[in-house]
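Engineer:
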Amino acid sequence: MDRRHFIRNAAIAALSTNLPATAAYAAEPADFHIAGILAFSGAYGIIGKDMRQGVELAIADRGGKVLGKPIRVSWEDDETKPQPAVQKATRLLAGGAQMIFGAVGSASTLALQSLADQRKVPLLVTISADDKITRVNGSRYTFRTSNTLGMEIRMSLEFAKVRGLKKIYGVAADYQATRDGWTMFQTEAEKLGIAIVGIDFAPLGNRDFSVIVDKMAKSDADGIAVFVTGNDAVTFLKQSGQVGLGRTKVQFGPVLQDETLAAAVGPAAVGVYSGVRYHFSYDSPANKTFVAAYRAKYGEFPSSFAGEAYDGISWWLDVVEATKSWDRERWVDAFAASTRENSLEGRKTMRACDHQAAQVGLWGVVTEGQAPLPPLTMKITNVFEPANLFDTCS
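In mature numbering (1 follows the signal peptide of the UniProt record, and there is no 0), the protein residues as written are -26 to -1, 1 to 368.
Right under this line is the structure:
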């Protein structure tokens, strides 16, 4: 079954369950129940743990309550697959969950989006980047507070241009979102006079990039564009490091590295450039407070995945609190018109046209960190303003 048919059938199945779409409007429930659907295994399994930690700290910071009721999160592993994501979310919604938080992979998130639209429940996205998740006149119930793939592609293109790269060999996950992203990158790169000398698509969860790495090493490319993330990014960079690919070619990607991923790669990560969805070094009062609290609770610096999860759920819960209502439609209307002045990354504005948060974009390089920083630390080299990353909202 292809993804389009699966999403359609999942939505139909959701309608056939016993919980009516309007059931959670009126009565005050015993708690505020969140269906947390993340990847704790599979290609993106390395990401889910950090996102959960970010959410749990955000809830603790507000005393564990919203609208006077305790917040309860039911965490489920979607295994980086759409079908388990929908099955587990459907079960939690039948049990009274008032919203969905997730997922990690864009295919899972798009499947959850169909479910959320049918059930008329909010879906909060803090990491999935497929541009189709937030589109003009798209889902009423879906909101994304983190980056789009499109803005990360634009940062990658600007990096390639400023770095003076002339020939690029690419590898991308064989996954619709990254295929679309690669098409955008290649089209715009060629307009800049940058030649694409090769592209390979690897399946999610690929364990052997050696053939691709060998072709890259033998090519005349001066840049290696890597459109994979999570465990796949770790595998690729470990294997490219074994042949010293980074010594002769610049390795970069839209969301290739942060401290969590670099730690898993090891020394071969040094010198790799990447878009960064959040970073603990960003200079804002809210971020300084968050980093201190996160380190105190977990004994480590927050990753980009933890930071984005914390930022998004904190914003959402504050807006829900301000409505003083259990009407989900009021939550949706309020969030669509909201601005987060004290986000970890400064000001974020929710765009009413597509439910995408306009925000700065961060770009950096993996360096050797000095204590108390992690041994491998992202150094932020560029901060891109929203006006340079987002089209005008229409």
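C-beta: ideal position from N, C-alpha, C; glycine also.
Over the uninterrupted beta strand (DSSP E) stretch that includes Ile107, give me the two end residues.
Structural biologist: Note, Ile107: premise wrong, no beta strand (DSSP E); not H, not E.
Engineer: For Leu347 and Tyr284, I'd like the C-alpha separation in whole angstroms.
Structural biologist: The alpha-carbon atoms of Leu347 and Tyr284 are separated by roughly 20 Å.
Engineer: Can at least three beta-carbon pairs, one atom from the segment 86 to 101 and one from the segment 132 to 143, be found at a separation below 8 Å?
Structural biologist: Touching, no.
Engineer: Taking the alpha-carbon of Ala311 as reference, which of Ile33, Ala345, Phe117 and Gly69 has the nearest alpha-carbon?
Structural biologist: For Ala311, the nearest C-alpha among the options comes from Phe117.
Engineer: Compare the beta carbon distance of Leu12 and Trp49 with 9 Å and say whether it is the shorter of the two.
Structural biologist: Closer than 9 Å, so yes.
Engineer: With 16 other CB atoms within 10 Å as the buried threshold, where does Pro222 fall?
Structural biologist: Contrary to the premise, residue 222 reads as Thr rather than Pro in this sequence. Its Cβ having fewer than 16 others within 10 Å, Thr222 is exposed.
Engineer: Quick check on the DSSP output: what are the complete beta strand (DSSP E) runs of length 3 or more inside the segment 94 to 156, in order along the chain?
Structural biologist: Within the segment 94 to 156, the complete beta strand (DSSP E) runs of at least 3 residues are 97 to 99, 116 to 118 and 141 to 147.
Engineer: Buried or exposed: which applies to Asp105, given that a residue is buried once 16 or more other Cβ atoms fall within 10 Å of its Cβ?
Structural biologist: Burial call: buried.
Engineer: Quick one: what does DSSP say Pro44 is sitting in, helix, strand or coil?
Structural biologist: Note: Pro44 maps to strand in three-state DSSP.
Engineer: Whose C-beta lies closer than 8 Å to the C-beta of residue 444 among residues of the same chain, with five residues either side of it excluded?
Structural biologist: Residue 444 is absent from the structure shown; the chain starts at -26 and stops at 368.
Engineer: In terms of residues, what are the limits of the beta strand (DSSP E) holding Arg314?
Structural biologist: Where Arg314 is concerned, the enclosing beta strand (DSSP E) stretches over Thr313 to Ser317.
Engineer: Out of Arg93, Asp51, Glu2 and Gly70, state which residue places its alpha-carbon closest to the alpha-carbon of Gly79.
Structural biologist: Among Arg93, Asp51, Glu2 and Gly70, the Cα nearest to that of Gly79 belongs to Asp51.
Engineer: Thinking C-beta only, is Ala4 closer than 9 Å to Lys39?
Structural biologist: In this structure, Ala4 does not lie closer than 9 Å to Lys39 by Cβ.
Engineer: Please state whether DSSP places Phe264 in a helix, a strand or coil.
Structural biologist: Correct three-state label for Phe264: helix.
Engineer: Can you give me the C-alpha to C-alpha distance between Ala17 and Pro177, rounded to a whole angstrom?
Structural biologist: So the alpha carbons of these two residues sit roughly 10 Å apart.
Engineer: Can you tell me whether Asp328 is buried or exposed, with buried defined as 16 or more other CB within 10 angstroms of its CB?
Structural biologist: Buried is the call here.
Engineer: Are the beta-carbon atoms of Ala225 and Gly245 separated by less than 9 Å?
Structural biologist: It is Gln, not Ala, that sits at residue 225 in the sequence shown. Yes, the pair counts as a contact, with Cβ atoms nearer than the cut-off.
Engineer: Around the C-beta of Val293, are 16 or more other C-beta atoms found within 10 angstroms, so that it is buried, or is it exposed?
Structural biologist: The residue in question, Val293, is buried, as its Cβ has 16 or more Cβ neighbours within 10 Å.
Engineer: Can you check DSSP and say which residues form a bridge with Gly335?
Structural biologist: DSSP, once it has assigned bridges, lists Phe358 as partnering Gly335.
Engineer: Are Tyr252 and Glu282 closer than 9 Å when you measure CB to CB?
Structural biologist: Yes.
Engineer: Ordered along the chain, which non-local residues of its own chain (more than five positions away) have a Cβ less than 6 Å from that of Ala(-3)?
Structural biologist: For Ala(-3), the predicted structure reports a pLDDT of 43, less than 50, and the residue's modelled location is therefore unreliable. A value from the coordinates is still provided. Cβ within range, chain order: Gln72.
Engineer: Looking only at C-alpha atoms, which of Gly10, Glu2, Gly138 and Ala32 sits nearest to Lys271?
Structural biologist: If we check each option's Cα against that of Lys271, Ala32 comes out closest.
Engineer: Name the two residues that bound the continuous beta strand (DSSP E) containing Asp174.
Structural biologist: Segment Ala169 to Ala176, the beta strand (DSSP E) holding Asp174.
Engineer: May I ask you to report which of helix, strand or coil DSSP gives Gly281?
Structural biologist: In the structure shown, Gly281 sits in a helix (DSSP, three-state: H, G or I).
Engineer: Cα-Cα, which of Asp232, Val60 and Glu295 is closest to Leu41?
Structural biologist: Nearest C-alpha to Leu41: Glu295.
Engineer: Quick one, which of Leu336, Gly124, Val202 and Val171 has its alpha-carbon nearest Phe183's?
Structural biologist: Checking every option, the nearest Cα to that of Phe183 belongs to Val202.
Engineer: Please report the residue range of the beta strand (DSSP E) in which Leu12 lies.
Structural biologist: That run of the beta strand (DSSP E) goes Phe6 to Leu12.
Engineer: Once you ignore the five residues that flank Gly338 on each side, which residues in its own chain have a CB closer than 6 Å to its CB?
Structural biologist: Closer than 6 Å at the Cβ level, and outside the excluded window around Gly338, lie Val250, Met352, Lys353, Ile354 and Thr355.
Engineer: Under 8 Å by Cβ, that's how I've got Ala163 and Glu126 pegged, so tell me the actual separation to the nearest angstrom.
Structural biologist: That belief does not hold up - the Cβ atoms of Ala163 and Glu126 are roughly 14 Å apart, past 8 Å.
Engineer: Return helix, strand or coil for Trp49, following the three-state DSSP convention.
Structural biologist: Strand.
Engineer: Have a look at Phe264 and Gly167 and give me their C-alpha separation to the nearest angstrom.
Structural biologist: Straight-line Cα distance between these residues: approximately 42 Å.
Engineer: Could you pull out every residue in the same chain whose Cβ sits closer than 6 Å to the Cβ of Ala(-6), ignoring the five residues on either side in sequence?
Structural biologist: Confidence in Ala(-6) is poor, its pLDDT being 41 and thus under 50, which makes the residue's placement too unreliable to answer from.
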